[in-house]
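Taking the numbering used here, the leading residue of the sequence shown gets 85, the next gets one more, and so forth. A quick write-up on the structure given underneath.
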Amino acid sequence: MPDQMKKMLELIPQLHLSGYLDRSGGTVALRDQRGFLVSPENAGELMKWELSEEDLVLFPGEGEASMARAGRRPSRMNRWLREMLAVRKEWRCCVQTMGWGAMSFALAGRELPLHNVSQQIFNTGKSGSVPVVPASLDHDAQGEKLRELVSHAFGSSNFGVVLVEGEAVVIAGTDTALLPAALDTIEGLARAQQWLLSTGK
């Protein structure tokens, strides 16, 4: 089993316990020499996030045609994850998180400002924020916009994160072992921002 896949499979239960993957949703994906691998859509409901290598769905290669040749129709989420990993070839793993803090910004279609330590972690400079892909775009345009926004905001970072309006929070990185720290950073910041918004400050 490839090392990155082993790390991801070991990480999944931790993400579940932390609330980043739950019974209502969440997705994990990674890229290796074979192509794009993603967790099954019913993982949370049927498997309680206890996955093996055989459970992951493989889409060989990189492009849409190769995904079609795999004999499966990629979902919108699978396309977003693939676009996310395509931003930087160094990014090998990706999570669609269900953390309520970050999800609240996605549902509202609001950018999440990054501050201080989070700017350093994500290497965005002093004016960085987590961008939002508008819900008004069609599926193909959303994929293109996702790649454009993430490339601009996180093109030189070891991590990238994006909000899809009304739908999802997606974060990618170079190393599976480092993803929890990035997820914690985004989720903690989002919850702090929510508290500030609720107090009117």
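All C-beta atoms in this analysis are idealised placements derived from N, C-alpha and C, irrespective of residue type, glycine included.
Within the DSSP secondary-structure output, Arg115 pairs in a beta bridge with Phe120. In the structure shown, Ala266 falls within a helical segment according to DSSP collapsed to helix, strand and coil. Sequence-distant Cβ neighbours of Ser235 in its own chain, meaning closer than 7 Å and more than five residues away, are Val171.
For the set Pro264, Asn126 and Phe143, the Cα lying nearest the Cα of Arg118 is the one of Phe143. Under the 8 Å Cβ criterion, the region 89 to 107 counts as touching the region 177 to 184, having at least three qualifying pairs. In summary, Thr283 is exposed, with fewer than 16 beta-carbon neighbours lying within 10 Å of its beta-carbon over all protein chains present. The secondary-structure analysis by DSSP pairs Gly257 across a beta bridge with Cys177 and Phe243. Note that the region 265 to 278 touches the region 185 to 195; at least 3 beta-carbon pairs, one per stretch, sit closer than 8 Å. Non-local C-beta neighbours of Ser213 in its own chain, meaning closer than 8 Å and more than five positions away in sequence, comprise Glu195, Leu196, Pro197, Leu198 and Ala237, ordered along the chain. Rounded to whole angstroms, Ala113 and Val216 show a C-alpha spacing of 20 Å. Within the same chain, and ignoring the five residues on either side of Gly227 in sequence, the residues whose Cβ sits closer than 7 Å to its Cβ are Arg163, Trp164 and Glu167. Sequence-distant Cβ neighbours of Met161 in its own chain, meaning closer than 7 Å and more than five residues away, are Thr111, Gln180 and Ala252. Taking a C-beta distance under 8 Å as the contact criterion, Thr260 and Lys91 qualify as a contact pair. Judged by DSSP secondary structure, Val141 falls within the beta strand (DSSP E) whose first and last residues are Val141 to Pro144.
Going by beta carbons, Ser136 and Leu93 fall inside the 8 Å limit.
In the displayed model, Leu196 falls within a strand according to three-state DSSP. Cα atoms of Glu249 and Ala192: separation of roughly 7 Å, rounded to the nearest angstrom. Cβ neighbours of Phe120 within its own chain (closer than 6 Å, five residues either side excluded): Phe143 and Arg166. Assigned with DSSP and collapsed to three states, Ala219 falls in coil, not helix or strand.
Distances from the alpha-carbon of Thr258 to those of Leu230, Val122, Gln203 and Arg115 put Arg115 closest.
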